[in-house]
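Below is one structure, written out as structure tokens; the observations come after it.
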Amino acid sequence: MTLASIIFALLGVVAVSGAVVTVFARDVSRMAMGLGAFLLAVAGFFVYWGATFLGVVQLFVYIGGVLVLMIFAIMLVHRSPDGSPLLETRHDVAALAVAGGLFFMVVMALRGVVPDSVNQGIESGPAELTEAFLGPMLTHFEMGGVLLLAVLVSVVVILGGDDR
Amino acid sequence: MSGLAWGAFYGLAAGLVIAVAALIGVWGERKVSARIQMRIGPQELGPFGLLQTLADTVKLVLKEDITPRAADVRIFRIAPLIVFAPIAMSLAVIPYAAGFAPLDTSVGVLFFMAVPAISVIGVLLAGWASRNTYATIGGLRAAAQMISYELPRTLSVLPFVLLAGSMRPLDIMDEWRWWWIPLTLIAFVVYFISSVAEVNRGPFDLPEAESELVAGYFADYSGIRWAIFMMAEYGGLVAASLFGAAFFFGGYLGLPGALGVIVLIAKATLIATAMMWVKWTYPRMRPDQLMGTAWKVLTPMALVQLVIVGAVIPWL
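From first to last, the protein sequence lines are chains A and B.
Read left to right, the first sequence gives residues 1068 to 1231 (my numbering).
Read left to right, the second sequence gives residues 340 to 655 (my numbering).
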């Protein structure tokens, strides 16, 4: 068992524990912490696979941005004074079924694509990413941009729909 | 195993550097503020009162570590560490000497901007876990402020990425030329102001405004955990000064070894002193002024600087 595989296993444990805490915690602040641990482990996975740039962007955008905004929103909503469960309805069985199905689909789709759990030692830094995005991946990159624009427009339409 | 051992050693060293920097920083701040207010400052313990902060540290370590009964105990206890650890990590990518940065990575500049963003979560959780209105408001203010100022701060260092064509700090230091100082003057102003706001220091210390929020998100902390928050603040100040000295003023200026490190630290000390000077000169801002400065003044300034650098590059 090499050091790399130990780190990989540790990241896996953190990711899974974070995900479990996110789903099963009864207190929203604990959920946020679980989600933070999960996102941090994902950033760790990116760095582990040599995608340092992606790992740092994951930190910046998801932990420094999205998660902070989520906690911000949680802090602004009502909290029960005795710390009792804040969620009144749950669909644990249905959620488990969906998660299980999705996991199966992802595993089937990625089988053969992901190499075994050993770092290949390839670093894809900003220069390589730029070359890829402005070269062979240009269409995909632009499509991503168009998709995000469509999402933004739909949000504007949904939120401002009644505002005549 | 050498990588892990080196990482552990570095972690220990970073903690120690921040602790010593906080000791000296608190003493320096007391002396600077005393000068500004025509006082003498600490003078009883040791020469020039140098041992005063050491005595205060002993007091803080020995003080009872109180956890409020209503607090969310686990999160309350872990929050100071979530604030402190990312600040210590950010010190890793600073180019201290010719060819030496503890963590030499191709995304060093982004790393320096991204990793301290994690500490915002610690601040929010500290405010939330205290179950105290003042602390919660302080936490919310801190999060809004830190997220807003991250944008101009990140934009302000982009001119160097453009000029050097790399995000690796050591590459930028290799490419560094003296005329970058006048060229990136606007960027430095933006970086300086947003760094002061990023570490929640006056006149941007709204999250801990003592006259309205007691001490904001760390109002309920005492003893060593309170000291960790203070260390994180001074650690942020040190990191911002070192990074600013390296990029905006050429860091070690091509000098070899220890001489270069001394020059870097001297420049960083000047920047840190200027930050203290600002804190003790200007009154605290209003929340709307604070947000307005970030979005309506600093962000456009940083963008103008980017345009200027972009226009200069083809002529180089």
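C-beta atoms are modelled at their ideal positions from N, C-alpha and C, and glycine is treated no differently.
Since this is a predicted model, take the numbers as computed values, not measurements.
{"query": "Chain-ordered chain A contacts of B/I433 [CB-CB under 7 Å]", "result": "Chain A residues near B/I433: none, gap ~16 Å exceeds 7 Å."}
{"query": "Contacts of A/G1085 in chain B (Cβ-Cβ under 7 Å)", "result": "The premise fails here: A/G1085 is roughly 13 Å from chain B at the closest Cβ pair, so nothing lies under 7 Å."}
{"query": "Spatial distance of A/L1196 from B/V432 (CA atoms)", "result": "21 Å"}
{"query": "Bounding residues of the alpha helix (DSSP H) (the contiguous stretch that carries B/K398)", "result": "391-401"}
{"query": "Cβ contact check for the stretch 1122-1136 of chain A and the stretch 451-458 of chain B: 3 or more pairs under 8 Å", "result": "yes"}
{"query": "Residues of the stretch 1129-1140 of chain A whose Cβ lies closer than 9 Å to any Cβ of chain B, in chain order", "result": "I1130, G1131, G1132, L1134, V1135, L1136, I1138, F1139"}
{"query": "Length of the line joining the Cα atoms of B/P626 and B/P542", "result": "11 Å"}
{"query": "Contact check, A/V1087 vs A/G1103, beta carbons under 9 Å", "result": "no"}
{"query": "Contacts that A/F1127 makes with chain B (C-beta to C-beta distance below 8 Å)", "result": "L449, M452, A453, A456"}
{"query": "The stretch 482-492 of chain B in contact with the stretch 502-522 of chain B per 3-pair CB rule at 8 Å", "result": "no"}
{"query": "According to DSSP, residues forming a beta bridge with B/F439", "result": "B/A436"}
{"query": "Cβ-based neighbour list, B/A641, same chain, cut-off 6 Å, excluding 5 preceding and 5 following", "result": "P491, L494, S495, V529"}
{"query": "Exposed unless 16 or more other CB atoms sit within 10 angstroms - verdict on B/A611", "result": "buried"}
{"query": "Three-state secondary structure (DSSP) of B/M506", "result": "coil"}
{"query": "Residue from B/V648, B/L552, B/A526, B/V462 with nearest C-alpha to B/M569", "result": "B/V462"}
{"query": "The stretch 623-639 of chain B contacting the stretch 557-571 of chain B, beta-carbon criterion three pairs below 8 Å", "result": "no"}
{"query": "Below-9 Å beta-carbon distance, A/L1201 vs any chain C residue", "result": "Among the chains of the structure shown, chain C does not appear; the protein chains present are A and B."}
{"query": "Whole-Å CB distance - B/L603 paired with B/Y349, under 8 Å assumed", "result": "At roughly 18 Å, the Cβ-Cβ gap does not stay under 8 Å, so B/L603 and B/Y349 are not in contact."}
{"query": "Assigned secondary structure, B/G590 (DSSP; H/G/I helix, E/B strand, else coil)", "result": "coil"}
{"query": "Cutoff 9 Å: A/V1124 Cβ touching any chain B Cβ", "result": "yes"}
{"query": "B/I521: first and last residue of the uninterrupted alpha helix (DSSP H) it sits in", "result": "Note that residue 521 of chain B corresponds to Pro in the displayed sequence, not to Ile. Looking at the DSSP string, the run of the alpha helix (DSSP H) that includes B/P521 is 519-522."}
{"query": "Segment contact, 8 Å Cβ cut-off, at least three pairs: the stretch 572-579 of chain B with the stretch 350-361 of chain B", "result": "yes"}
{"query": "Below-9 Å beta-carbon distance, B/I414 vs any chain A residue", "result": "yes"}
{"query": "Three-state class that DSSP yields for B/E383 in the structure shown", "result": "coil"}
{"query": "6 Å Cβ shell around B/V600 - same chain, five flanking residues per side excluded", "result": "Y435, A436"}
{"query": "Residues near B/D395 by beta carbon distance below 8 Å, same chain, minus five either side", "result": "V365"}
{"query": "Cβ-based contacts, 9 Å cut-off: residues of the stretch 476-497 of chain B near chain A", "result": "G478, L479, A482, A483, M485, I486, E489, T493"}
{"query": "Host alpha helix (DSSP H) of B/P425 (start-end)", "result": "412-429"}
{"query": "Sequence-distant residues of the same chain with beta carbon closer than 6 Å to A/I1138, five excluded per side", "result": "A1099"}
{"query": "Whole-number beta carbon distance between B/G477 and B/P546, since they are thought to touch under 8 Å", "result": "5 Å"}
{"query": "Alpha carbon of B/L393 to alpha carbon of B/T620, nearest angstrom", "result": "27 Å"}
{"query": "Outcome for B/T472 when other beta-carbon atoms lying within 10 angstroms are tallied against a minimum of 16", "result": "exposed"}
{"query": "Distance CB(B/V500)-CB(B/A482) smaller than 9 Å", "result": "no"}
{"query": "Assigned secondary structure, B/L490 (DSSP; H/G/I helix, E/B strand, else coil)", "result": "helix"}
{"query": "Chain B residues whose Cβ lies nearer than 8 Å to that of A/S1072", "result": "In chain order: nothing, as chain B lies at least about 13 Å away."}
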